[in-house]
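Asks: Dropping the structure in here first, questions after.
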Amino acid sequence: MKTIQVPAAAQVNPESQVLFEQLKKRIGKVPNLYATMGYSPFALKGFLEFEATLNNGAFSAKEREAIALAVSEVNHCDYCLAAHTIAAKMRGFTNDETLDIRRGNVADTKLNAIVQLAKSITENRGSADPALVENFFNEGYSEAALMELIGLVTVRIYTNYVFVMTKIPVDFPAAEPI
Numbered sequence: 016m017k018t019i020q021v022p023a024a025a026q027v028n029p030e031s032q033v034l035f036e037q038l039k040k041r042i043g044k045v046p047n048l049y050a051t052m053g054y055s056p057f058a059l060k061g062f063l064e065f066e067a068t069l070n071n072g073a074f075s076a077k078e079r080e081a082i083a084l085a086v087s088e089v090n091h092c093d094y095c096l097a098a099h100t101i102a103a104k105m106r107g108f109t110n111d112e113t114l115d116i117r118r119g120n121v122a123d124t125k126l127n128a129i130v131q132l133a134k135s136i137t138e139n140r141g142s143a144d145p146a147l148v149e150n151f152f153n154e155g156y157s158e159a160a161l162m163e164l165i166g167l168v169t170v171r172i173y174t175n176y177v178f179v180m181t182k183i184p185v186d187f188p189a190a191e192p193i
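Just so we're on the same page, my numbering is the position in the sequence shown counted from 1, plus 15.
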């Protein structure tokens, strides 16, 4: 099978190079996963725009990191677990809380409703446990929030699949195994 390498900026087209520069300004580097997406400027731009749009929705940055951890654990994505463990800690989670999220059991009932539903959506390819959907609504979330949760799960599945298909080097400290 062909081995996918992380491309240098000079190896991608000018549209991806512009996106790389924007990433460097925003986060200080171009993570290997984003660089790999950069083989296609359409894939990278579509991902970045979809994620940026969803970042303005119902869920806080902390909640979005919890969703990313839950989905990435289900999909066994070492890359996203590493990156989002760091991001979750930057958003205020402790290491133990990141592990609880990945296990799918969080003490905070509202956050637990989000995590459990995200996990169920991922595990069941969209056919989430109806009791978890009901619990999500009972915790005060709306239909709009459900659509955004599905979008956030989808964004993370995309990055998980990019890593699983490419096995590019993880350029973040490894997440603690559970």
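Where is the CB? At the ideal position from N, CA and C, for every residue including glycine.
Alpha carbon to alpha carbon, what distance is there between E80 and F187?
Replies: Roughly 16 Å between the two C-alpha positions.
Asks: Quick one: measure Cβ to Cβ for A128 and E154, integer angstroms, because I've assumed they're closer than 8 Å.
Replies: Between A128 and E154 a beta carbon distance of about 4 Å is seen, short of the 8 Å cut, so the two are scored as contacting.
Asks: To the nearest angstrom, how far is it from the Cα of I82 to the Cα of V27?
Replies: 31 Å
Asks: Once the 5 residues before and after F163 are set aside, which same chain residues still bring their CB inside 7 Å of it?
Replies: Note that residue 163 is Glu in the sequence shown, not Phe. Counting only Cβ-Cβ distances below 7 Å, and skipping sequence neighbours, we find L69, G72, A73, F74.
Asks: Alpha carbon to alpha carbon, what distance is there between K182 and M16?
Replies: Rounded to whole angstroms, the separation of the alpha carbons of K182 and M16 is 12 Å.
Asks: Does the segment 53 to 70 come close enough to the segment 98 to 113 to have 3 or more Cβ pairs within less than 8 Å?
Replies: no
Asks: Terminal residues of the continuous alpha helix (DSSP H) containing S142?
Replies: Per DSSP, S142 belongs to no alpha helix (DSSP H) and is neither H nor E.
Asks: Could you compute how far the alpha carbon of A25 sits from the alpha carbon of S157?
Replies: 45 Å
Asks: For F35 and D123, what's the separation of their Cα atoms in angstroms?
Replies: 37 Å
Asks: Rounded to the nearest angstrom, what separates F178 and A50 at their Cα positions?
Replies: 12 Å
Asks: Can you find the residues in the same chain that come closer than 6 Å, C-beta to C-beta, to L96, ignoring five residues on each side of it along the sequence?
Replies: Answer for L96: S87, A190, listed in chain order.
Asks: Is C92 helix, strand or coil when you go by DSSP?
Replies: coil
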